[in-house]
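The structure under discussion appears below in the form of structure tokens.
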Amino acid sequence: MINRLFIFIAFIFIFSACKTSQTVQSSKNDVNKEELREELDPKPSESLVDTTIIESKDTVIIQEEVELAIYPKEQDTISLIGVGDIMIGTNFPHEGYLPQDSGKYMLSSVDHVLRDADLTFGNQEGVILNEGGEAKHCSDPSVCYIFRSPEYLAQHYVDAGIDMMSLANNHAGDFGETGRKNTMRVLDSLGIYHAGQLTQPYTIFEKDRVSYGFAAFSPNNGTQSINDLEAAKGIIKHLDSLTDVIIVSFHGGAEGKKYQHVTREREYFYGENRGNVYEFAHALIDEGADVIFGHGPHVARAIEVYKNRFIAYSLGNFATYGRFNLRGENGLAPIAKIWITDDGYFINGKIISAVQKGAGIPEIDISHKAAQKIKELTEQDFEDSKILIDPEGNIRYIQDQF
Numbered sequence: 185m186i187n188r189l190f191i192f193i194a195f196i197f198i199f200s201a202c203k204t205s206q207t208v209q210s211s212k213n214d215v216n217k218e219e220l221r222e223e224l225d226p227k228p229s230e231s232l233v234d235t236t237i238i239e240s241k242d243t244v245i246i247q248e249e250v251e252l253a254i255y256p257k258e259q260d261t262i263s264l265i266g267v268g269d270i271m272i273g274t275n276f277p278h279e280g281y282l283p284q285d286s287g288k289y290m291l292s293s294v295d296h297v298l299r300d301a302d303l304t305f306g307n308q309e310g311v312i313l314n315e316g317g318e319a320k321h322c323s324d325p326s327v328c329y330i331f332r333s334p335e336y337l338a339q340h341y342v343d344a345g346i347d348m349m350s351l352a353n354n355h356a357g358d359f360g361e362t363g364r365k366n367t368m369r370v371l372d373s374l375g376i377y378h379a380g381q382l383t384q385p386y387t388i389f390e391k392d393r394v395s396y397g398f399a400a401f402s403p404n405n406g407t408q409s410i411n412d413l414e415a416a417k418g419i420i421k422h423l424d425s426l427t428d429v430i431i432v433s434f435h436g437g438a439e440g441k442k443y444q445h446v447t448r449e450r451e452y453f454y455g456e457n458r459g460n461v462y463e464f465a466h467a468l469i470d471e472g473a474d475v476i477f478g479h480g481p482h483v484a485r486a487i488e489v490y491k492n493r494f495i496a497y498s499l500g501n502f503a504t505y506g507r508f509n510l511r512g513e514n515g516l517a518p519i520a521k522i523w524i525t526d527d528g529y530f531i532n533g534k535i536i537s538a539v540q541k542g543a544g545i546p547e548i549d550i551s552h553k554a555a556q557k558i559k560e561l562t563e564q565d566f567e568d569s570k571i572l573i574d575p576e577g578n579i580r581y582i583q584d585q586f
């Protein structure tokens, strides 16, 4: 009798084990769930049966018939690239300032880098317009620095992987309202997001299930002002209520090698109020901005991480053909590549060095001059910085700044 009872109990145990095994095996047919479970915890404390996975913003909940286990959710990582001023040819005052071969090689040496990010940003200097427009007054057109890039050149932005462009700068109105409107029309037709004009100070878009707000500012007429801080904060507050990640561009600060440092004061250049870029960047991050790419001085400036958010105070010139001073440090063309979480926290980054060759064609610089210049400026301007930059441009975040 005892032997029969033992055999009966053993039979029930084996039958139950087989049933559990079959249930787990059937759940493994759903590869995504099984991989997710193993990624979160390859050895959970208890066996799971009849698993259901429910995702929320911050956690993944694995729910079974008999228990509820909560695992931390690994956040998505977003890669962003920012570069400085872009003007890859102008037909004003004559076509001699257009690159050869229709500009097809202007960005070809760096396009593999620019395409290697979720989003890539640059500052559009001048207008995109084939002809006409209301040109700014110049007493001598031969030395007048206003830029009108033919429409065919803009296709090279798409080919190089550029996704976003600022239209807030001192050349956005070079050819009046005709130039402004046509520039926006062309970028819209190419699927390039843009911001900074008074008629479109910001834009909202979605990519890979992440929503982005992008806003741009400058001290120049017809653009969203860097000097109206309250209006700027209002825009960021609005975007913060609608989007996951907010990217800001500003064109500010005095120009040239004498003005490479972040002064933390209001800057003037030829009598024009170019803003207090330090105050501006910090105020917008306080309101919810996540990444700030600065440009305008035509030279590189320091970088900073403030409240876990990345700031590049100037990315200098990047691809500026024919009419720009590219001697020495003016020819450095840094590419800032950063990784952030899907709610904007800076993780790490890299300053990829490039330099403009010839009349203004960017090429990768294996001597890392741009990275070393930004490292030097960052160490001088932000002595208490919680980031480290190595000689090759790798940016390591060593501590919170809260």
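One gets our numbering by counting positions in the sequence shown from 1 and adding 184 to each. We put the beta carbon where it would ideally sit given N, CA and C, even for glycine. All values derive from a computational prediction rather than experimental measurement.
Expressed to the nearest angstrom, what Euclidean distance is found between the alpha-carbon atoms of residue i and residue j?
i	j	result
A438	G480	8 Å
D242	G397	Only weak support is given to the placement of D242: the predicted model assigns it a pLDDT of 39, under 50, and the value that follows is read from those uncertain coordinates. Those two C-alpha atoms are separated by around 21 Å.
Q556	I548	14 Å
E456	L303	32 Å
S293	P546	7 Å
G316	G273	16 Å
A338	S395	25 Å
S211	R393	Reliability of the predicted coordinates at S211 is poor, the pLDDT of 33 falling under 50, and no value is obtained from them.
G380	S498	17 Å
S240	F389	Unreliable placement is indicated for S240, whose pLDDT of 37 sits below 50; the coordinate value is still reported in the next sentence. When rounded, the distance between both Cα atoms is 22 Å.
E279	A538	27 Å
G287	L371	17 Å
Please identify the residue among the options whose C-alpha is closest to the C-alpha of residue i.
i	options	result
G577	N457, I536, N275, K417	I536
A622	G363, Y289, Y386	Missing from the structure shown is residue 622; the chain here goes from 185 to 586 and no further.
G130	K559, L561, K534, N509	Nothing about residue 130 can be reported from this structure: the residues present for the chain run from 185 to 586 only.
I522	G316, Y336, G357, V297	V297
R458	S402, I376, E567	S402
T427	L282, T387, L382, T562	T387
N460	L413, I262, G440, A520	L413
K442	F453, H321, L264	F453
Y505	G310, E463, I573, N492	G310
P277	E560, R507, L516, I573	R507
S263	D300, M271, P385	D300
N307	C328, A415, H378, G287	H378
I430	G528, Y329, I265	G528
Who does residue i pair with in a DSSP beta bridge?
i	result
S263	W523
V432	A399, I476
Y377	M348
G306	M349
S409	S402
S286	According to DSSP, which records beta bridges pairwise, S286 is partnered with nothing at all.
Y341	None, per the DSSP bridge assignment.
Starting from the N-terminal side, write out each stretch of the beta strand (DSSP E) that is 3 residues or longer and does not extend beyond the stretch 501-580. Within the stretch 501-580, the beta strand (DSSP E) runs of at least 3 residues that lie entirely inside it are, in chain order, 501-504, 519-525, 530-536, 538-541, 545-548, 571-573.
Taking contact to mean at least 3 C-beta pairs separated by less than 8 Å, is the stretch 412-426 in contact with the stretch 436-453? They do not touch, by the three-pair rule.
Which ranges would you report for the alpha helix (DSSP H) in the stretch 438-500 if only whole runs of at least 4 residues count? Counting whole runs of 4 or more residues, the stretch 438-500 contains the alpha helix (DSSP H) stretches 461-471.
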